[in-house]
Each structure stands twice: as C-alpha cells, then as structure tokens.
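Below is one structure, written out as structure tokens; the observations come after it.
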Amino acid sequence: MQQQSNNKCKCGNGGNGTCKNCSKIRMAIMLKNGYKNKGLAKTWYSFYKKNNQPEQKIINGMIDRFKNRPEYTNAVNKLVFYDNYSKSNVIIQSLKVC
Ligand SMILES: [Zn+2]
C-alpha cells in the first residue's frame, strides 16, 4: 500500500501544486484585528508533491514560504498546522508569530 503514489492531486481541484483535498498539511493563518479584510488567505495547503515527506519537514517548508511573503508581516498572530488528510482539528503544531 505504501507503494502507491500519493504525491499527486487525485481530485482535480489542485491547480497550483496545492489542493484542499489532496495536500497533507493544512495551515490556518490567524490574522490580527485590522488585517482580516485585506484579502490575505486564511488557509494554506502544503504542496502535494511533498506529501511523502515527514510532517515536520513539510511544516518547516511552509513556514519558510510564509516568511518570504512580506504582505503577511505584522498581519499575523499565529500559524496553526493540522493533518489535512483526516480533516481533524487536532493541532500538530502551533507557532506564535508575534
Ligand atoms: Zn486534489
């Protein structure tokens, strides 16, 4: 079973390398008051081509991508990471940004 490739989008919704159904990790972005209506995304999904990597490695990669997005500087309280396969609300990791 582990031989099956799960690093692709199987549902057809994943256009840009991430998919709300097929990505392994979901990142909720907790925006500060005053930044909630500025068009910033509140949820990011990991790249599904990395689905076979360990959770922590994927999360670290998402944090790195996040840090390269200046529009989020000052706007974010906290990042919270979830297992997107199970759709569960069990927090894998949470990171206070400022
Ligand atoms: Zn998909």
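All residue numbers for the sequence shown refer to our numbering, where the first residue is 1116 and numbers rise by one. All C-beta atoms, glycine included, are put in the ideal place defined by N, C-alpha and C.
Near residue i, which residues of its chain fall below 7 angstroms by C-beta distance, leaving aside the five closest residues on each side in sequence?
{"i": "Tyr-1187", "result": "Leu-1155 and Phe-1181"}
{"i": "Gly-1130", "result": "none"}
{"i": "Gln-1208", "result": "Ile-1174 and Phe-1196"}
Report the CB separation of residue i from residue j in whole angstroms; it is logged as a contact under 8 angstroms.
{"i": "Tyr-1160", "j": "Asn-1204", "result": "Wrong, their Cβ atoms sit about 16 angstroms apart, outside the cutoff."}
{"i": "Ile-1140", "j": "Ile-1178", "result": "11 angstroms between Cβ atoms; not a contact."}
{"i": "Asn-1192", "j": "Met-1145", "result": "5 angstroms"}
With distances taken from CA atoms, which of the options is nearest residue i?
{"i": "Asn-1122", "options": "Ile-1144, Phe-1196 and Phe-1162", "result": "Phe-1162"}
{"i": "Ser-1261", "options": "Lys-1211, Val-1212, Gly-1127 and Ser-1138", "result": "The structure shown has nothing for residue 1261, since the chain only spans 1116 to 1213."}
{"i": "Cys-1213", "options": "Lys-1165, Ile-1207, Tyr-1197 and Asn-1189", "result": "Asn-1189"}
{"i": "Thr-1158", "options": "Ile-1206, Val-1195 and Asn-1152", "result": "Val-1195"}
{"i": "Lys-1164", "options": "Gln-1208, Leu-1210 and Thr-1133", "result": "Thr-1133"}
Evaluate residue i with the Cβ neighbour count: other Cβ atoms within 10 Å of its Cβ, from every protein chain shown; 16 or more gives buried, anything less gives exposed.
{"i": "Cys-1126", "result": "exposed"}
{"i": "Asn-1148", "result": "exposed"}
{"i": "Asn-1128", "result": "exposed"}
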